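Everything below concerns the one structure shown next.
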Amino acid sequence: MKLWYDKPAGAWNEALPLGNGKLGAMVYGSVNVEQVQLNEDSVWYGGPRDRNNPDTLTHLPQIRDMIFNGQIKEAEKLAAFALTGVPEGQRHYETLGNLFLFFDEEGEAENYHRALDLETATVTSSFTKNGVTYHREAFTSFPAGVFVLHLTADQSGCLSFHTQLARGNSIWNRDPFSKYTFKYQVGFNAYVDENRALSQDSVYMKGRCGGEDAVSFASAMKIKVTGGTVQTIGNSIIVEGADEATIYLAAATTYRESDPLGYAVKVIEHAALQAYDELKREHIADYQALFQRVQFKLGTCGNSEDGRNDRNDLDLNQLPTDARLERVRAGERDDGLIPLYFQYGRYLMIAGSRPGSLPLTLQGIWNQDMLPVWDSKYTININTQMNYWPSEACNLADCHLPLFDLIETMREPGRVTANKMYGCNGFMAHHNTDIWGDTATQDVCLSSSIWVMGAAWLCLHLWEHYEYSRDLEFLARAYETMKEAAIFLSEYLIEDHEGRLVICPTISPENEYVLPNGNVGVLCSGASMDAQIATALFESCIEAAEELSIQDAFVSKLKQQLQKIPQPQIGRYGQIQEWADDYEEVDQGHRHISHLFALHPGKQITMKKTPQLAQAARVTLERRLQHGGGHTGWSRAWIANMWVRLQDGQLAYENIVALLGHSTLPNLFCDHPPFQIDGNFGGTAAITEMLMQSHGGEIHLLPAIPSHWTEGSASGLRARGGVELSFSWKDSRLEQVSIKASKTSTIWIRCGQDAAQLQVVSGETYELNHYLELIK
4 MKLWYDKPAG AWNEALPLGN GKLGAMVYGS VNVEQVQLNE DSVWYGGPRD
54 RNNPDTLTHL PQIRDMIFNG QIKEAEKLAA FALTGVPEGQ RHYETLGNLF
104 LFFDEEGEAE NYHRALDLET ATVTSSFTKN GVTYHREAFT SFPAGVFVLH
154 LTADQSGCLS FHTQLARGNS IWNRDPFSKY TFKYQVGFNA YVDENRALSQ
204 DSVYMKGRCG GEDAVSFASA MKIKVTGGTV QTIGNSIIVE GADEATIYLA
254 AATTYRESDP LGYAVKVIEH AALQAYDELK REHIADYQAL FQRVQFKLGT
304 CGNSEDGRND RNDLDLNQLP TDARLERVRA GERDDGLIPL YFQYGRYLMI
354 AGSRPGSLPL TLQGIWNQDM LPVWDSKYTI NINTQMNYWP SEACNLADCH
404 LPLFDLIETM REPGRVTANK MYGCNGFMAH HNTDIWGDTA TQDVCLSSSI
454 WVMGAAWLCL HLWEHYEYSR DLEFLARAYE TMKEAAIFLS EYLIEDHEGR
504 LVICPTISPE NEYVLPNGNV GVLCSGASMD AQIATALFES CIEAAEELSI
554 QDAFVSKLKQ QLQKIPQPQI GRYGQIQEWA DDYEEVDQGH RHISHLFALH
604 PGKQITMKKT PQLAQAARVT LERRLQHGGG HTGWSRAWIA NMWVRLQDGQ
654 LAYENIVALL GHSTLPNLFC DHPPFQIDGN FGGTAAITEM LMQSHGGEIH
704 LLPAIPSHWT EGSASGLRAR GGVELSFSWK DSRLEQVSIK ASKTSTIWIR
754 CGQDAAQLQV VSGETYELNH YLELIK
């Protein structure tokens with residue numbers, strides 16, 4: 004469970020990530036000028052604003068009439084003015100900056116090794132220079148709220164370096180204190196207001212992300228040494244002749260703390276009171292309480308987790324991670340990367356999303372730019388949702404909580420948007436939001452912006468959390484949020500010329516269609532994805548009301564409206580239609596496959612209950628892939644999940660391999676391109692459901708594994724209904740199953756042709772044989 008390399012990171016995409024939910028670090032492991040790029044999850048530009056377009060409500064009926072009458076271009080022209088935000092863009096995430104360490108020792112490094120240990124959430128680097136072996140170890144502690152970097156040498160008095168905290172735009176330049184070249188910041192602190200010494204062993208950096216009412220941030224750093232000396236000169240800490248040194252760094256913003264600098268200083272001073280080994284033990288214990296819940300191993304299956312290669316007996320574990328990725332790109336099999344990639348996704352979730360933190364952005368918490376691509380915020384027409392697909396089944400429900408906090412943050416802005424722009428009650432969001440829960444339209448990009456389903460989709464995560472936990476207290480709180488999102492949709496739905504209840508105007512993210520007269524359109528009425536999301540939300544609200552013994556007029560209204568919402572339709576090519584009408588797609592290989600929401604992450608299309616629709620979904624995927632689909636990392640991950648739901652283990656496997664071979668960076672981050680973390684979580688979710696699915700009213704073991712995965716085991720996976728499973732298989736046959744129940748219930752379990760019904764009692768564990776029979 005290690006990513007390892009035989010050279011330092013030459014670029015950000017090769018650095019190794021650490022995080023505790025709020026504080027993120029990308030460690031380069033450089034020999035002469037170490038770089039640690041830093042993030043704090045609430046360092047965002049500016050502050051909250053009301054961007055709701057005051058003219059939307061006035062022009063909405065006219066735009067709808069134009070769409071219903073086929074005047075698409077006229078509708079799009081008016082929508083570009085009347086349906087966009089004012090101003091058009093939301094706020095963006097920013098980097099906290101960089102920590103640099105400039106070392107005095109010259110000479111060439113030998114025996115270099117750099118690694119991220121997924122078992123302990125630590126990054127290490129080691130090398131020998133001039134006969135001295137140096138070792139560095141870094142971690143980001145959730146209990147202590149601090150980033151720690153520990154430096155040692157195997158000979159006394161050999162550690163001499165100075166530090167610099169910096170924030171700005173990166174360029175290549177030369178260290179004025181040595182002959183070595185490194186990557187540093189323009190102006191060295193172009194985006195910082197203060198950078199000074201606090202004491203003889205501590206410095207700080209602080210600034211404001213925009214105008215007077217914007218977020219202000221601060222970071223503070225302290226160094227403790229054994230042997231040698233430590234002092235500050237200017238804004239640098241200088242260490243000379245030390246035996247070992249420990250760096251403590253913390254950060255905060257006014258988003259949470261009225262005095263960010265005071266908070267950061269308190270954190271580092273408290274951490275420095277603990278012995279290093281104690282601080283590390285505390286960090287590992289906290290992390291492993293989450294990480295060790297789930298294990299997944301593959302046995303001998305070609306190139307497998309045991310590291311052996313059947314064809315030439317090459318031990319793949321002896322190859323650096325980047326070299327193994329290159330082999331996959333060249334068409335070689337390396338199935339041992341799959342458990343590593345699976346657990347890396349779980350690692351990233353623990354590192355990037357903890358209770359009390361903000362949820363994962365497009366880049367998790369790891370962003371090196373002042374103005375990142377797509378603002379590194381929350382894109383909620385799939386990407387943010389994909390980030391949390393593996394959370395429940397992978398036994399990280401705690402890490403799901405920050406997303407629920409964001410949904411609550413969005414409720415009040417979402418009510419304002421629903422009322423001001425659309426004249427509706429309830430709350431809604433378009434296809435993006437930010438740290439303040441901005442729900443107004445984002446950008447002037449008609450193929451993505453004019454979409455009102457963001458809050459509805461997010462609220463399905465609340466229902467999914469309940470399905471796994473069966474926690475009625477949680478559901479009682481979540482139902483009010485789900486209901487409010489459903490109220491908006493219930494009022495926004497409109498009858499089209501055929502009497503169907505549709506969303507209008509809308510789009511199918513982010514595709515275009517061709518009208519019978521040859522004109523190309525973006526805006527439409529009745530995109531298939533919208534109907535599928537509305538159906539899923541209404542059905543979840545109805546079921547939640549039943550669980551809570553709620554019977555009211557609103558539930559009755561939802562039941563009535565469900566009868567008129569279009570269901571998935573099969574089009575002229577045998578495919579699932581992308582729109583309510585069977586239009587041709589402009590881009591047949593489009594990265595979004597939104598009209599298969601009902602297959603995944605939805606549950607409307609299943610192999611068992613809707614075989615004809617499942618076959619049409621297969622045709623849809625085949626057509627997309629034949630025309631170049633899956634060319635972005637997150638899209639390839641989504642496609643893998645869809646093949647898993649279609650129980651095609653071979654195609655699911657091939658798409659996971661394609662994700663590794665063509666859309667994975669050297670540090671295993673997913674490549675859109677550029678870096679976008681959703682593909683990592685989508686890939687982990689797909690691997691999980693290759694092993695176990697529970698969305699169809701039953702627990703299905705080994706539903707989609709390739710034929711050459713003849714042996715393996717998984718433990719700690721969670722299924723809907725409040726149960727945790729461990730199981731193994733050998734010679735392509737299930738060996739045994741262990742089921743731990745957190746709720747008393749009746750469950751159905753299946754593997755291949757064997758199926759069983761089981762009464763489980765909360766707190767009890769049940770052992771089953773390969774026939775799914777209880778072992779007495």
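Residues in the sequence shown are numbered consecutively from 4, following the working numbering. Backbone N, C-alpha and C define an ideal beta-carbon position, used for all residues, glycine too. This one's a predicted model, so the numbers in the text were calculated from it and none came from an experiment.
Contact between L649 and S543 fails: their C-beta atoms lie close to 23 Å from each other, not under 8 Å. For M695, the beta-bridge partners assigned by DSSP are L704. DSSP places C462 inside the alpha helix (DSSP H), whose first and last residues are G457 to S472. The three-state secondary structure of S379, taken from DSSP, is helix. Closest option to K743, judged by alpha-carbon separation, among D216, G719, A759 and Q760: G719. Pairing S528 with S552, the inter-Cα distance amounts to about 35 Å. With respect to the C-alpha of I608, the residue from D53, E588, E657 and M532 having the closest C-alpha is M532. P64 counts as exposed, since fewer than 16 other beta carbons sit within 10 angstroms of its beta carbon. In this model, E415 and Q563 are separated by some 28 Å (Cα to Cα). For T412, the enclosing alpha helix (DSSP H) begins and ends at A400 to Y425.
DSSP places W47 outside any alpha helix (DSSP H), giving it a letter other than H or E. Around K746, the same chain offers R473, G725 and S765 as residues with beta carbons nearer than 6 Å, after the five sequence neighbours per side are excluded. Taking a cut-off of 8 Å for Cβ pairs, the region 133–152 and the region 317–334 do not touch, as fewer than three such pairs fall below it. V647: member of the alpha helix (DSSP H) spanning G636 to R648, first to last residue. P571 and E122 have their C-alpha atoms some 44 Å from each other.
Leaving aside the five residues that flank A619 on each side, the residues in its chain whose CB is nearer than 7 Å to its CB run, in chain order, I573, G577, Q578 and I579. Non-local beta-carbon contacts of N238 in its own chain, meaning distances under 6 Å to residues more than five positions away in sequence, involve N198, R199 and V206 in chain order. Your pair W641 and M389 checks out as a contact, with CB atoms roughly 7 Å apart and the cut at 8 Å.
When Cβ pairs closer than 8 Å are counted between the two stretches, the region 661–673 is seen not to touch the region 697–708, the count staying below three. Counting every other CB atom within 10 Å of its CB across the protein chains shown gives R139 a total of 16 or more, marking it as buried. Comparing alpha-carbon positions, the option among W712, S452, F345 and G334 lying closest to V297 turns out to be F345. Where S716 is concerned, the enclosing beta strand (DSSP E) starts and stops at G715 to A722. Counting C-beta pairs with one atom in each stretch, the region 89–96 and the region 251–260 have fewer than three that are closer than 8 Å, which means they do not touch. Three or more beta-carbon pairs drawn from the region 695–702 and the region 749–759 are found closer than 8 Å, and the two stretches are therefore classed as touching. Annotation: the continuous alpha helix (DSSP H) that includes E329 extends over T324 to R332. In terms of Cβ geometry, D378 and Y96 form a close pair [threshold 8 Å]. Cβ-Cβ separation between S261 and D44: approximately 18 Å, too far for a contact (criterion under 8 Å). In this structure, the straight-line span from the alpha carbon of L663 to that of Q366 is close to 18 Å.
If you look at K80, you'll find it in the alpha helix (DSSP H) that goes I75 to A85. Fully contained in the region 533–606 are the following alpha helix (DSSP H) runs of length 4 or more, in chain order: 556–565.
Checking the DSSP bridge columns, you'll see F430 has no partner listed. Bridge partners of Q298 according to DSSP: S718.
As computed with DSSP, R336 is found in no beta bridge at all.
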